[in-house]
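The structure appears right after this line, and notes come after that.
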Amino acid sequence: DKGFSSTTGAFSHTISSLNSNTIYYVRAYVTNTNGTIYGNEVSFTTSTGVPAISTEAATSVTSTTAILNGTVNSLGGSPITSHGFCWNTVGAPGITDSKIDKGACSTTGVIDYNLSNLTPNTEYYIRAYATNGSGTSYGSETNFTTTTGLAAVVTQVATSISSTTATINGSISSLGDTPVTSHGFYWNITGSPTSADS
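Following the numbering used here, the numbering of the sequence shown begins with 137 at its first residue and continues without gaps.
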């Protein structure tokens, strides 16, 4: 009840202690000595109260590491008590899977984590998550595949071929996860040359 009014015009009131994810119906009213009149009915739905979080693509992926990225977009209806990333190799990861809990959170913004000890050449599914008193919410699922960690090389066409000489050519297309310690060529006259050949 807003009490006595001697003027026309807008009025408002903030209500609290509402239930989350609930439809409420409202009608303004005015009373004078002639009776009470109600305004038209409007409705609104309170938010779920859970935090809003998003998952972005992993970056700097190697054979055993990756940087996980996300954003806390909204704290929801109560303080965030834990947030971070969860992952697995089968899809739809949740907080019962592998996870990193970055703890409580009091502000919105970017979050990241340097994940390590991954298996080479493996697909991982990740989701950012945030939990408050209303529950846990997840960002959309993203995935990445760790590299093999190996360097890559392409053998190219031989050039300057004569009866007793040839120039053999190659190109390193990836250095892999560690420095290349040697590179060169193997050759033979039977096919599929390896380190056992010239």
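The beta carbon of each residue, even a glycine, is placed where N, CA and C say it ideally should be.
Quantities reported herein were computed from a predicted structural model and do not represent experimental measurements.
In the three-state reduction of the DSSP assignment, W223 falls in the strand class. The closest CA to that of H319, considering only S148, P187 and A287, is found on A287. The beta carbon of S234 sits closer than 7 Å to the beta carbons of C222, W223 and N224 from its chain, once the five residues preceding and following it are set aside; these are given in chain order.
By the CB criterion at 8 Å, S190 and G206 fall inside the cutoff. If you compare the alpha carbons of G269, R163 and T255 with that of A240, the shortest gap goes to G269. Annotated as distal: G245 and V290, with beta-carbon spacing of 8 Å or more. Of the candidates L211, I247, T201 and N168, T201 places its Cα closest to the Cα of P256. Setting aside the 5 residues that flank it on each side, L311 is surrounded in the same chain by A287, each with a C-beta closer than 6 Å to its C-beta; the list follows chain order.
Its chain contains Y165 and V166 as the residues whose beta carbon lies nearer than 7 Å to that of I173, once the 5 sequence neighbours on both sides are disregarded; these appear in chain order. In the three-state scheme derived from DSSP, where H, G and I count as helix and E and B as strand, G206 is classed as strand.
Assignment of L251 by DSSP, reduced to helix, strand and coil, places it in the strand class.
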